[in-house]
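One structure below.
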Amino acid sequence: MLTAGYLEDWKWGVTLSGVASPVLPNISLHKLGEFVETVLIPEYTRGKRRARNPT
Numbered sequence: 566m567l568t569a570g571y572l573e574d575w576k577w578g579v580t581l582s583g584v585a586s587p588v589l590p591n592i593s594l595h596k597l598g599e600f601v602e603t604v605l606i607p608e609y610t611r612g613k614r615r616a617r618n619p620t
């Protein structure tokens, strides 16, 4: 299950890449998600003044 490979023309081929290749983008996306949640969303969702109540 931990071996990587590819299937081409119904023939299995072994690759030298392992499980680490999909893990690296997940780490960077996790860091990006934390940055968006902690920095960008709070900074850009604050208004200058309170919204008016139509009632």
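At position 52 of the sequence shown (counting the first as 1) the number is 617 in this note's numbering, and the numbers step up by one without a gap.
We put the CB at the ideal spot given by N, CA and C, even for glycine.
Just so you know, these numbers come straight off a predicted model, no measurement behind them.
Query                                                                 : Result
DSSP beta-bridge partners of K576                                     : E573
Distance between T603 and V588 (C-alpha atoms, nearest Å)             : 23 Å
As assigned by DSSP and simplified to three states, the class of N591 : helix
Alpha-carbon to alpha-carbon, D574 and Y609                           : 50 Å
E608 - containing alpha helix (DSSP H), residue span                  : I606 to Y609
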